[in-house]
Amino acid sequence: MRIIVCMKEVPGRDTRYEVSDDGRWIKDNDLSFEISECDEYALEEALKLQEKHGGEVVLLTLGTERAEKLMRKGLAMGAGKGILIQDPGQQVSSPLAVASALAEVLKKESFDLVLAGTQSDDFGYAQTGVMLAELLNLPHATIVMEIKADPAGRKLQALREMESGWFQRVEMSLPAVLTIQAGISQIRFTPLKGILMAKKKEIRRVELSSLGLSLDQIPRVEVQRVYFPEATRKAEILQGDAETVAASLVDKLRKEARIL
Amino acid sequence: MPDKIYVVLDHNQGRIRNASLEALAMGQQMAAQTGKEPHAVVLGGNTSALAQQVAEFQMSSVIAVQHEMLAEYDPDYATAALMAVLKSGQPQIVLFAHTYQNIDLLPKLSAALRKALVTECVGFREDDAGRLVFIRPMFRNKLNADVTVQSDFPWLISVQAGAFSADSLIKGTAPVINESVDLTSVQSKRKTVETVQAAKGKVDLTRADVIVGVGRGIRKPENLQILRELADALRGEIGASRPVVDNEWLERERQIGSSGQTVNPKLYIACGISGAIQHLVGMKNSGCIVAINTDANAPIFNVATYGIVGDLTEIVPALTKKIREANG
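Sequence lines, in order, name chains A and B.
Read in order, the letters of the first sequence are residues 130 to 389 in the numbering used here.
Read in order, the letters of the second sequence are residues -3 to 324 in the numbering used here.
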């Protein structure tokens, strides 16, 4: 199977965010970046499918040159090659624009399956993968927690998650697009041998301008400002060492909350 | 034609989903503020009872779209039906609940229409220029963003559960209008094999008065023991956020959140839980919420009554001890 994995880099999970002085974005010059969590699970799932069915896993990323480092990590985990759509000016962030760029590249590639993350850890729109399916006129499913592929039969079954513990098994023909939910499996350890081999694997660069997109014509969502949300309840933060806060809390639960 | 807001309502087992009623509340508020007309839209195999459930709310109309191919959710049929409804009605704004089904459907509809989609909207306002600004969470629910839409109408918006309240719906009488759609040329790209519910275990967290919620912050399953002791001292139950269940440290039936159970105990103690939206929607209506987390900026503190910034491996045993002393 030839599986495309769409991955993006996002600020790390433990990031202490600060809002920029003009309030329009976060201060992002000193952050450490990770692969967006759902995307990493998508990659792991692709590698499992490769182990089972043979073939190749190809990474597809839209980003700045900084993304190369995380693509090498994906290659170290076992992907065969990568394609980086270069957006040095970070012009493209709205989902339909991103999906349009990804679609232009994939129209020229052959593949059996595209895996993307259900939702990213930065913007969190949860749109790009499904839009990509529509632009490529392919079947799709989202919030996928299990994949059973039948490459010879040109079809697959995917288990999609619904609310409150319900799941639905759906079947579709290949090629298809699936968006993967975090927790679908356990992410593998990256072997040292993998890191060494990753240096030799190809990352092909594609210039955004070569894709022929009129970015200002594409309907988009624009972030005007970011800020820390106001708390819905004003939490009373208890201070002191473990013994002190424990005593404090028990006291408040009895006298104020009247629970104990 | 006056400007319109459509609110497309999801339903499950014959009832309009509460999250859709919340989206309807947002629609009424937006209509009051902007002067646009609110209309509800219901798609289904048999819509008359569903339409009646919302005809008691103040709206310009309830548009009932009945078709046998809309009885079960299918992205291709739903997209085609909605494109026809939006083409005939020409609304400016289309609201939906942010359900798992709409995560599957709305981006497809958005790309097919070639219009923009704002997901997980938690609020809206008009700016000084009279432009509609939508508020949505970002960065793992740590920050909010004000966003605007650069697109012709219709604008598609999905509304985060719990952001608006169905209790704020204004009653009235809305005429029900039946609209038919021609779906003969639609080809579905996927078929449903089966729909299953995860096995129901013995644990019903919805009945618990006290729940100790366990999150990724416990770091390793060995630390579960101190949390079980806290739950015991409080005569409560253990619940879990998603990552703990995905790691198989606790059973899936203990998962609290949009994929699991929704609870509202008198006391919820969130230990090592960051406060991702999918978890919050499952517990934020709890009577009293205590949050214990090493990260002072964790979003869980935005919904907590009491907060402790610290290491749960120290705090929790100290708390258990004090509770046992208090109980005598």
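The beta carbon of each residue, even a glycine, is placed where N, CA and C say it ideally should be.
This structure is a prediction, so every number in the text was calculated from the model and none was measured.
Cβ-based burial, residue i [other Cβ within 10 Å; buried from 16]
{"i": "residue 230 of chain B", "result": "buried"}
{"i": "residue 73 of chain B", "result": "buried"}
{"i": "residue 168 of chain A", "result": "buried"}
{"i": "residue 17 of chain B", "result": "buried"}
{"i": "residue 106 of chain B", "result": "buried"}
{"i": "residue 154 of chain A", "result": "exposed"}
{"i": "residue 232 of chain A", "result": "buried"}
{"i": "residue 87 of chain B", "result": "buried"}
{"i": "residue 325 of chain A", "result": "exposed"}
{"i": "residue 356 of chain A", "result": "exposed"}
{"i": "residue 193 of chain B", "result": "exposed"}
{"i": "residue 318 of chain A", "result": "exposed"}
{"i": "residue 320 of chain A", "result": "exposed"}
Neighbour list for residue i in chain B, Cβ cutoff strictly below 9 Å
{"i": "residue 298 of chain A", "result": "188, 189, 190, 191, 192"}
{"i": "residue 353 of chain A", "result": "123, 129, 141, 142, 143, 144"}
{"i": "residue 228 of chain A", "result": "103, 107"}
{"i": "residue 130 of chain A", "result": "None at all; the shortest Cβ gap to chain B is about 19 Å."}
{"i": "residue 301 of chain A", "result": "185, 186, 187"}
Listed by chain order, chain A residues near residue i by CB distance under 8 Å
{"i": "residue 133 of chain B", "result": "253, 358"}
{"i": "residue -1 of chain B", "result": "Chain A residues near residue -1 of chain B: none, gap ~19 Å exceeds 8 Å."}
{"i": "residue 306 of chain B", "result": "371, 374"}
Residue i: contacting residues in chain A (beta-carbon distance under 7 Å)
{"i": "residue 310 of chain B", "result": "371"}
{"i": "residue 300 of chain B", "result": "362, 364"}
{"i": "residue 259 of chain B", "result": "Correct list: empty, because the minimum Cβ distance to chain A is about 12 Å."}
{"i": "residue 110 of chain B", "result": "348"}
{"i": "residue 115 of chain B", "result": "254, 255, 256"}
{"i": "residue 254 of chain B", "result": "292"}
Per DSSP, the bridge partner or partners of residue i
{"i": "residue 190 of chain A", "result": "A:213"}
{"i": "residue 188 of chain B", "result": "A:299"}
{"i": "residue 140 of chain A", "result": "A:162"}
{"i": "residue 133 of chain B", "result": "B:140"}
{"i": "residue 98 of chain B", "result": "Answer is none; residue 98 of chain B lacks a bridge partner."}
{"i": "residue 34 of chain B", "result": "B:1"}
{"i": "residue 240 of chain B", "result": "Answer is none; residue 240 of chain B lacks a bridge partner."}
{"i": "residue 288 of chain B", "result": "B:267, B:304"}
{"i": "residue 277 of chain A", "result": "A:286"}
{"i": "residue 177 of chain B", "result": "BP columns for residue 177 of chain B are empty, so no partner."}
{"i": "residue 182 of chain A", "result": "Answer by DSSP bridge pairing: none, since residue 182 of chain A is not bridged."}
Closest by C-alpha distance to residue i, when choosing among the options
{"i": "residue 307 of chain A", "options": "A:203, A:204, A:289", "result": "A:289"}
{"i": "residue 262 of chain B", "options": "B:275, B:238, B:300, B:288", "result": "B:300"}
{"i": "residue 104 of chain B", "options": "A:220, A:364, A:269", "result": "A:269"}
{"i": "residue 226 of chain B", "options": "B:314, B:176, B:196, B:268", "result": "B:314"}
{"i": "residue 206 of chain A", "options": "A:276, A:315, A:214", "result": "A:315"}
{"i": "residue 80 of chain B", "options": "B:254, B:122, B:206, B:176", "result": "B:176"}
{"i": "residue 204 of chain B", "options": "B:287, B:303, B:77, B:228", "result": "B:228"}
{"i": "residue 131 of chain B", "options": "B:246, B:145, B:293", "result": "B:145"}
{"i": "residue 282 of chain A", "options": "A:318, A:327, A:265, A:302", "result": "A:302"}
{"i": "residue 262 of chain A", "options": "A:160, A:322, A:227, A:202", "result": "A:227"}
{"i": "residue 256 of chain B", "options": "B:307, B:196, B:10, B:166", "result": "B:196"}
{"i": "residue 258 of chain B", "options": "B:98, B:15, B:290", "result": "B:15"}
{"i": "residue 242 of chain B", "options": "B:265, B:216, B:223, B:82", "result": "B:216"}
{"i": "residue 236 of chain B", "options": "B:288, B:191, B:250", "result": "B:250"}
{"i": "residue 311 of chain B", "options": "A:374, A:171, A:295, A:380", "result": "A:374"}
{"i": "residue 219 of chain A", "options": "A:351, A:370, A:365", "result": "A:351"}
{"i": "residue 61 of chain B", "options": "B:178, B:233, B:265", "result": "B:178"}
{"i": "residue 223 of chain A", "options": "B:112, B:96, B:75", "result": "B:112"}
{"i": "residue 156 of chain A", "options": "B:252, B:135, B:282", "result": "B:135"}
Cβ distance (whole Å) where residue i is taken to contact residue j below 8 Å
{"i": "residue 278 of chain B", "j": "residue 298 of chain B", "result": "Incorrect: roughly 15 Å between the Cβ atoms, too far for contact."}
{"i": "residue 12 of chain B", "j": "residue 46 of chain B", "result": "6 Å"}
{"i": "residue 175 of chain A", "j": "residue 138 of chain A", "result": "Not confirmed; about 17 Å, so no contact."}
{"i": "residue 328 of chain B", "j": "residue 121 of chain B", "result": "Here chain B comprises residues numbered -3 to 324, so residue 328 of chain B is not present and cannot be evaluated."}
{"i": "residue 71 of chain B", "j": "residue 101 of chain B", "result": "5 Å"}
{"i": "residue 309 of chain A", "j": "residue 178 of chain A", "result": "Not really, about 11 Å apart at Cβ, beyond 8 Å."}
{"i": "residue 172 of chain B", "j": "residue 92 of chain B", "result": "Contact flag wrong, Cβ pair sits at about 20 Å."}
{"i": "residue 367 of chain A", "j": "residue 302 of chain B", "result": "6 Å"}
{"i": "residue 68 of chain B", "j": "residue 180 of chain B", "result": "Contact flag wrong, Cβ pair sits at about 18 Å."}
{"i": "residue 211 of chain A", "j": "residue 200 of chain A", "result": "4 Å"}
Cross-chain neighbours of residue i in chain A, by beta carbon under 9 Å
{"i": "residue 106 of chain B", "result": "224, 225, 256, 259, 260, 263, 348"}
{"i": "residue 99 of chain B", "result": "247, 248, 255, 256, 259, 271, 272, 308"}
{"i": "residue 95 of chain B", "result": "291, 292"}
{"i": "residue 293 of chain B", "result": "145, 146, 357"}
heavy atom of the ligand GTP below 7 Å from residue i C-beta
{"i": "residue 242 of chain B", "result": "Summarising the ligand content, the structure contains no ligands, and the ligand GTP is consequently not present."}
8 Å Cβ cut-off: residues of chain B touching residue i
{"i": "residue 140 of chain A", "result": "135"}
{"i": "residue 286 of chain A", "result": "189"}
Partners in chain B for residue i, counting only beta-carbon separations shorter than 7 Å
{"i": "residue 388 of chain A", "result": "262, 263, 284"}
{"i": "residue 381 of chain A", "result": "302"}
{"i": "residue 268 of chain A", "result": "185, 186"}
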